[in-house]
Amino acid sequence: MARTWRESWVVVLWVAVVVWIVPTLAQDRETVYQEFNDTNGVTRQLAVDRYPALFSGDFADCLGGQSLFNITKFDTGYFKDNRTVVFHLDGNTNVRQENLIMHITVEAYGKSRFDMTFDPCGSPRIDSLCPLNADRAVEAWAAFPISPNDVEGMPSISLDIPDFEGSATLRLFANSSETEIGCFRAVMHNGRSFSHPNAISSALGGLTAIAILSSFATAIYGVSIPHIRTHYAHAFSVLVIFEAFQTIYFSGALSVSWPSVLPAFWSNFAWSAGLIYSESIVDSLAGFAGISGNASQVGGAGSAVINTEGGLVQQIYGRSVELLTPKNLMSRAVTPYNASDPYDYKWGGNPVTPGMPLPGTWQGFPGTLSMVEIPAAGAFLVALIWWIVAIGLVAASVTACKLLLDFLAATNIIKADRFTYFRSHLPGYLAASVLRTLLIASPALITLALFQFNIKAPAGPTAIAAIIFLLVLVGMGGLVAYACYFRLRFGKFETGPDIIVFEKGTLFNVVPFIAATRASNLGEKETSAKRYGSMPFFRVRFIDDDPNRTTVHKDEAYIKRFGWLAAHYRRSRWWFFALWFSYQFIRACFLGGGVRSPLAQVYGLFIFEIISFVVFIKLSPYEGRRNSTVAIWLLGVSKIITAGFSIAFLPEFGIGRILSTILGIFIIVVQAFLVLAVLALVILGAFSSWMSLHRNRETFKPEKLDGIRIQYYEHMQNTAPDMPPPPKADANNIEAVVQTFQVNDVRRTRKIEDEDDELTDLEGPSNSSAIYLGPINRSSRANSVSSRYSVGSLPRRARPHRTSWSAKDFAEWDAQSDRAPARPESLVGGSTRPLQAHNRQRSSSLRQIAHLNSQASLKMPQDIPELPRTSSEARRPMTPTREVSEDKLETLETLHSEKGKDKVADDDSDSADGKSKTIPFPPLPEHDEDKL
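In case it helps, mature numbering (1 follows the signal peptide of the UniProt record, and there is no 0) puts the sequence shown at residues -26 to -1, 1 to 906.
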């Protein structure tokens, strides 16, 4: 039976494969080749459906919708292999009858590289245009062989460089009036581009999702609020990631003429600003945003009323009024790609979306938006919709996470006490997550709202932009101000004079630079650095009413309310979120509000970025190193370089398009380095978050990384207090190192003559509480050789051999050892192994007991930690096994003092009960006491 079912499934599978493959094979077309003789006289075969070296993309009417044609297809290509230029034109017209002259131009990097004027009634002949007739659809296709001289001005690199900057323009003129009646432009491509939104945006979004999960995990794991904040502060900030991506994309908001490579590269980051193309969303918003037009064709022949600008219709004879009726204005539908036609191709473009700029131009923010096919008039509404969706997804995800953890705890998949604090405080986490998302969205929404105010748009979208602008500015700004007030309400500010001192310094400890330091920070210390001057300044200081008030990172009430704002910053820079929000607002004013004044916009932003960079470096607000590296250094340098090179793109400088492309590629390199650094730190942040989730576990796998985990914990513990670093030693005041030596200790080596003293010392005085080591009843040596004068070369007290131990000595020694009391555990480091009664190792047993007794007499700590029972090295102190609130944790000194008190109390109580705790130990040998 099982075999029958198996055979049935095999048959079904084969049938499905055949049904899927046979139609595909039936649709495969035969490749058609054409012969071509190259310059060397060699005949070659070329496929007619091959891709050209340069080909056109989307096209539009370059007469602003006043062309007397309705065009559904305009494709142009340049085949390098046989030096041929082809063009394809489909559409219709309302002109009754007219003879035409056509002119085609190909521009590359700001210059005309190829142009040709031809008569459609000549060679090659185009029947649908000879003559032009309204009763006949326009179907024009022509191929023009060209000579090498015709394309000698085309840069050879242009065929390989990504995002070829060029356009093809077709102009049609009426012979009777010598008037231009049609103009269509298409952007040119070479098949290579920096724009890959589907691939790059998806990868960036996936890594950003990993960063979100990592940061969220550190925020919900634990029971101690300050402890959670510490680990969350060192997680890679999602706000920093979005700030980096949004900064890259909004670089294109400057009103300059961008090289084509930059908008193509920036299109990969449009999603971070909420600018995600959706045909249904864009089409539904078109009417409300004031966008009109037909997305299936370009031209003005389909309009009932045409602005002829001085009687253009009268100049072209035979214009029929009846042809303006809707019945006769049926446009020719776009012919889809036919896979079975060997002469069909699929490299052509489509009519541009209504509201888009002219293809081949990338002027300002509309040109940047054109790469993601979003009209400038609808950009704000599209972003608003997607940010609302994002807020809803965040709220739903947090709730779903709580329900999932409850389910896992109820089914005993995880312990019932895991994530208890998060599961019992869902409303607080939900509010913090939504507010954090709004904070991330605020720079993009403010920038797009200000941009909406500066374009020609209907009252509806402008009113919505004004409402959202006020809600974000007043709402989020009010929360920021209240967060500062909540912490500073119990205190006052004090201002006083100060001085900024400019002195000689170094940048990165290498590059000579001018260092600026406030005199209040210098205090009374004098520096040997050369001073260049000073300037008066002021100092603002906050004086708290309660000097012993809990610090902001230990204030649980403040963390619960405003941790989503201040958690990532240092203890002394907790207020940096207010400065950051102000900075983002001013930057949005330059980007979105200065589109009508390019000079003020670009120069102002450049100066503002330099000042902000210096201030942020001086403040160094972030507690985590990764956040500080990206948000302060890498992002700051990227902003300055981008704004600085953008000055060169202003039309006042008039630099060539090739030089513009070179500068654009340099900007891409800088921003790509920023992106790679962000992605690398996202992966590193995910690993550090994984270590944070294992902070309450004694073991960590892989065990080789356990040392890194402990170092990470120690780093967090050291940076959390935010104490000022120790002052650096002045290089000029350091004394020269003298080549010498110093004797700190001398240890005497045992000699042979010490043998007799040692044996004598072992006999010691009579004491019932001591353990005697020396042999008993030694034989008399009065008549031995050693009692006489020495006749050898040895010293007088030296012995020619070592004294041996007799069996009688060992027997008496063992009897005395059996009577010795047991050693307490507290004096041997907590070891549970009892002393061996018959231990005959002289140097490792009784001498060790004497050494421990000497430690007790010197009042040294007796608690010797037990070595870890693993193969790894000794562990350093870690977080407690069970995380508790920080205010319940006690310092090591407190624990020792309390332990000492408990021990004294126990001794007193035992003494009161008549129980003696005195443990007799043998006295130290004389030589050991001398060493101590």
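Virtual Cβ for every residue (Gly too), placed ideally from N, Cα, C.
What you are looking at is a predicted structure, and each value in this text was computed from that prediction instead of being measured.
Minimum C-alpha distance to residue i - residue among the options
i, options, result
"Tyr543", "Tyr532, Val589, Gly598 and Ser586", "Gly598"
"Ala34", "Leu249, Thr421 and Phe43", "Phe43"
"Val576", "Asp391, Leu444, Ala418 and Ala562", "Ala562"
"Val235", "Ile615, Tyr687, Arg631 and Arg547", "Arg631"
"Phe559", "Ser546, Ala574 and Leu579", "Leu579"
"Gly638", "Ile100, Phe564 and Ala238", "Ala238"
"Ala350", "Ser594, Ser246 and Ser266", "Ser266"
"Phe555", "Thr525, Cys458 and Arg110", "Cys458"
"Pro401", "Glu139, Ala374 and Gly51", "Ala374"
"Ala185", "Asn692, Glu583 and Ser663", "Ser663"
"Ala489", "Ser30, Phe464, Tyr395 and Val589", "Val589"
"residue 915", "Asn483, Leu63, Ala390 and Arg683", "One cannot answer for residue 915 here, as it falls past the ends of the chain, which runs -26 to 906."
"Lys376", "Trp361, Ile388, Phe393 and Phe661", "Phe393"
Three-way DSSP call (helix, strand, coil) for residue i in this model
i, result
"Gln40", "coil"
"Gly465", "strand"
"Glu217", "helix"
"Asn107", "strand"
"Thr385", "coil"
"Gly630", "coil"
"Leu481", "strand"
"Ile45", "strand"
"Gln716", "coil"
"Tyr506", "strand"
"Gly598", "coil"
"Gly470", "strand"
"Ala457", "helix"
"Thr373", "helix"
"Ala651", "helix"
"Ala390", "coil"
"Ala439", "helix"
"Ala209", "coil"
"Ala21", "strand"
"Met330", "coil"
"Cys563", "helix"
"Ser102", "coil"
"Phe190", "helix"
"residue 909", "Any question about residue 909 goes unanswered here, given that the chain covers just -26 to 906."
Per DSSP, cross-strand counterpart(s) of residue i
i, result
"Gly51", "Phe29 and Val60"
"Val80", "Phe88 and Ala142"
"Ala490", "Phe476"
"His163", "Phe29"
"Phe147", "Ile75 and Glu154"
"Asp788", "For Asp788, which the question treats as bridged, DSSP gives no partner whatsoever."
"residue 911", "The question about residue 911 has no answer, for the chain in this structure spans -26 to 906."
"Pro325", "Phe33"
"Gln337", "Ser231"
"Ala353", "Paired residue(s): none; Ala353 is not in a bridge."
"Gly173", "Note that residue 173 is Ala in the sequence shown, not Gly. Partner(s): none; Ala173 has no beta bridge."
Discussion item. Between the region 507 to 522 and the region 420 to 436, can you find at least three pairs of beta-carbon atoms closer than 8 Å?
Written reply: With a cut-off of 8 Å, the region 507 to 522 and the region 420 to 436 do not count as touching, because too few Cβ pairs lie within range.
Worksheet item: Between the region 320 to 327 and the region 220 to 227, are three or more C-beta pairs nearer than 8 Å?
Response: The region 320 to 327, when compared against the region 220 to 227, does not touch it at the 8 Å Cβ threshold.
Practice prompt. Spell out a yes or no on whether the region 128 to 135 and the region 94 to 112 are touching, meaning 3 or more CB-CB pairs, one atom from each, closer than 8 Å.
Written response: Touching, no.
Worksheet item: Does the region 372 to 390 come close enough to the region 207 to 227 to have 3 or more Cβ pairs within less than 8 Å?
Response: As far as the Cβ criterion goes, the region 372 to 390 does not touch the region 207 to 227, which means the pair count is below three.
Discussion item. Which complete beta strand (DSSP E) runs does the region 109 to 137 hold, if anything under 3 residues is left out?
Written reply: Complete beta strand (DSSP E) runs here, min 3: 112 to 119.
Worksheet item: Quick check: the region 174 to 182 against the region 241 to 250, are there 3 or more CB pairs under 8 Å?
Response: Yes: the two stretches touch, three or more of their Cβ pairs being nearer than 8 Å.
Discussion item. Runs of 4 residues minimum, wholly inside the region 508 to 542: which ones carry the alpha helix (DSSP H) assignment?
Written reply: DSSP runs (the alpha helix (DSSP H)) wholly in the region 508 to 542: 530 to 540.
Worksheet item: If you scan the region 237 to 270 from start to end, which runs of the beta strand (DSSP E) of 3 or more residues do you find wholly inside it?
Response: Note on the region 237 to 270: there is no whole beta strand (DSSP E) run with a minimum of 3 residues.
Worksheet entry | At least three beta-carbon pairs within less than 8 Å, the region 149 to 158 to the region 40 to 57 | Judged by Cβ distances under 8 Å, the region 149 to 158 makes contact with the region 40 to 57, as three or more pairs qualify.
Fill in: contact_flag[the region 449 to 458, the region 485 to 498] where n(CB pairs < 8 Å) is 3 or more
Judged by Cβ distances under 8 Å, the region 449 to 458 makes no contact with the region 485 to 498, as fewer than three pairs qualify.
Item to complete: Report yes or no: do three or more beta-carbon pairs, one from the region 354 to 361 and one from the region 50 to 58, lie closer than 8 Å?
Response: No, the region 354 to 361 is not in contact with the region 50 to 58.
Worksheet item: Using 8 Å as the Cβ pair cut-off and three pairs as the minimum, do the region 102 to 118 and the region 64 to 73 touch?
Response: Judged by Cβ distances under 8 Å, the region 102 to 118 makes contact with the region 64 to 73, as three or more pairs qualify.
Practice prompt. Give a yes or no on contact between the region 457 to 476 and the region 508 to 517, applying the rule of three or more CB pairs nearer than 8 Å.
Written response: Under the 8 Å Cβ criterion, the region 457 to 476 counts as touching the region 508 to 517, having at least three qualifying pairs.
Discussion item. Quick check: the region 212 to 226 against the region 412 to 421, are at least 3 beta-carbon pairs closer than 8 Å?
Written reply: With a cut-off of 8 Å, the region 212 to 226 and the region 412 to 421 count as touching, because enough Cβ pairs lie within range.
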